[in-house]
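Working notes for the structure below.
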Amino acid sequence: MTTTGDEKARLSADLVGYRQAKQSEQALDTLRKLLELDRDGMQQGDWYNGMALIYRDELARPDDALEHFDMALDSYWSSDPPDLQLNAALGPVDSIIRMLVASSDWKKLDRAYRKMIRRLQSYSPRRDKIRAKLYERLGDLYRTHLGIEDAAVTCFEEARTLDPSKLTQEELRQRIDEWIASGGRTYEPALAVLAAQTQPPVSVYDDAIARVGQSPVARVYLERALLLMFDFGRQPDHLADLLRAYELSGDQKDIRALAAQTIAQHYGDILDDYEKAISFMREAIELQPAQTEIEIALRRMNRAHLAGWLGKRGDHAAAIAIRRELAAMGDAAQNHHELEVIVKLHIKSGDLEAAEAVCNEMTEPLATTAKAWLALLEADPQRADRVVVRLVRCWSNPEARVEIQRAVSYARAGRNPLGPRLTPTFFGLAVEGLAELREIEDKLIGAPDGHIALGEELTQRGDPRGELIVVQHKLETEPDNVELRQREQQLIAENEFRWLGPLGGGRNTRWHRGYATHAEHIVTKIDDIVLIGTNPSLRFLQELTLHIADDPVAALLEAAPGLRRIPKLVIAIWTPRTEDQRAQLTATIPNIVFTGL
């Protein structure tokens, strides 16, 4: 008998294989099956978004892509998404805007903006600033491309109503004049101006560029400010102004270098024209001085950009050579960051031996080290024995541990083809050191204000559970505190695997003062039952629901001492085959309940 969880895990694993093999139609068919199984809005949004990307990037079917990006937004915004998932929920907006701007379909873009604004209206005032940005872009569309000035003004007024911190147009012009009068030689003031405006950067651009006239200095800095501020997609036709500023710079090397750098970023990051991006960035690097710390840092950043575009173009050897130079210039963290990138470049080029050799150079137990080894393991699961040994050495670093925990969760869900030893090895590590914690819990938990004392004690010991205890205690009296709620979600996301062991990454987990009290888990590996029963960190569970398809009798009996501690143990789907079997289980685990399908 196959459970829904088993089927999702199998389909997710199939999807990974199809995407890697560029088998687009099979991937789409798999995504449709996942949509039938999964009713969660955020997860459905991910599936629709995945379909849209395939239609856009692999099959060149823009109409289907737009339709599925729109369906993704409907799913993501069927309820107000958590702040930690906000970027994902807004991602299809950016994709739709870029596609419609590229095709100059302004009427369809008008409809897309208005539809998104209507979606967000249900979540006012929490999402009013996002609505304000969308109204700004819509106003710019009316003014710049549709020529409807009254509608543009109405949109800008609506934006300022939703976000009163924005400047009026007159205040904005005054700021621009002050900036130009100062010489316009730094873009920080320009950034401040653009950040505070009522209208989006493109709407204000023509007015601002007319005021700076032929000054190459002001033109370049204004363009850089515009490039850095535009967060919902950028109009490609402003490239002509960038090139004009580049031409005007003449023999002013610093300005010409900055113009070339900005043009390179425009080509590389917005237009995906890596040939031109590489050409302009090479000129910028050649012209840029490298005397002060700031100049050296800027040159290093530009070389990293250049290496990135070389890698995307497929020139892995040239990209690796630059990354090698950058690795030698920084501290351990910067060095390992560059080495991680080099590992992934070797993997892309198919040289796994070289990739492993670079992994071995990463001697510090950092998150980048863990990510490099995990990338190698995903590329070649047969290297599991050596990789797991290296990952164990990284376990002491909290940031590295998060990367490993995430990979283990993905492996268990069938989303990554990781080696067979990875999951059990790190389940073992996850419960190390909990005996001492149990003694502290026993000592403090029953005392007056025991949870607060426990939270403070654990915080002093560097255990993030202490902070979660304090945060959740405060939320009992401040349930609408957004900052506390976000911190609660962050702490759980970062530490869930360590605290829950095999239940990590499950669904419907409820927490109270730092501990899981209710959990639900789809058992895809019967051994999980034993791990759950022997995990001392689950001692405060009040109710646990296990969805089991295969015969679990032996595992339940083995785990019985630990499972008896949970007041209510619900076994779903599977039921005892005989009355003797039921009697044996209920006698051994009196708190067990069978619900069937």
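Note that the sequence shown covers residues 12 to 608 in the working numbering.
C-beta: ideal position from N, C-alpha, C; glycine also.
In the DSSP assignment, the residues bridged to ARG521 are HIS529. Following the DSSP letters along the chain, one finds ALA383 inside the alpha helix (DSSP H) bounded by residues 378-390. If you look at LEU557, you'll find it in the beta strand (DSSP E) that goes 554-559. In this structure, the straight-line span from the alpha carbon of MET110 to that of PHE80 is close to 11 angstroms. In the structure shown, the three-state DSSP call for ILE307 is helix. Around the beta carbon of LYS355, 16 or more other beta carbons sit within 10 angstroms, so the residue counts as buried. Two segments are said to touch when three or more pairs of C-beta atoms, one from each, lie closer than 8 angstroms; by this definition the segment 154-174 touches the segment 124-141. Considering only VAL369, ALA530, TYR59, LYS126, the residue with the shortest C-alpha distance to GLY515 is ALA530. The shortest CA-to-CA distance from ILE582 to any of ASN602, ARG154, GLU452, ALA594 is the one to ASN602.
Residue environment: ARG412 is assigned as buried (16 or more neighbouring CB atoms within 10 Å of its CB, all protein chains considered).
Annotation for MET53: TYR87, PRO92, GLN96 place their beta carbon closer than 7 angstroms to its own, counting only its chain and skipping 5 residues before and after.
Straight-line measurement puts the Cα of VAL541 at about 7 angstroms from the Cα of GLU569.
For the pair ALA318 and ARG310, the CB atoms are not nearer than the 7 angstroms cut-off.
Considering only TYR285, LYS323, VAL352, ARG397, the residue with the shortest C-alpha distance to GLU336 is VAL352.
For the pair GLY322 and ALA330, the CB atoms are nearer than the 7 angstroms cut-off. Residue state for ALA301 is assigned as coil, using DSSP reduced to three classes. For the pair THR470 and LYS118, the Cα-to-Cα distance works out to about 56 angstroms. Counting of Cβ neighbours within 10 angstroms places GLY28 among the exposed residues, the total staying below 16. Per DSSP, reduced to three states, the secondary structure at THR606 is strand. Under the three-state reduction of DSSP, ALA143 is assigned to helix. Secondary-structure assignment with DSSP links ILE480 through no beta bridge to anything. Boundaries of the beta strand (DSSP E) harbouring LEU580: 579-584, taken from the DSSP string. Taking ARG334 as the centre and dropping the five residues before and after it, the same chain places the C-beta of ALA318, GLU349, VAL352, ILE353 closer than 6 angstroms to its C-beta, in chain order. When the beta-carbon positions are compared, GLU414 and ALA378 come within less than 7 angstroms of each other. Non-local beta-carbon contacts of LYS287 in its own chain, meaning distances under 7 angstroms to residues more than five positions away in sequence, involve TYR278 in chain order.
Note on geometry: alpha-carbon atoms of ARG397 and LEU26 lie some 27 angstroms from one another. Considering only ALA76, SER23, GLU375, HIS523, the residue with the shortest C-alpha distance to ARG401 is GLU375. Judged by DSSP secondary structure, ILE274 falls within the alpha helix (DSSP H) whose first and last residues are 264-276. The C-beta separation of VAL104 from LEU84 comes to about 7 angstroms, placing the pair in contact by the 8 angstroms criterion.
A straight line joining the alpha-carbon of THR520 with that of SER90 spans about 19 angstroms.
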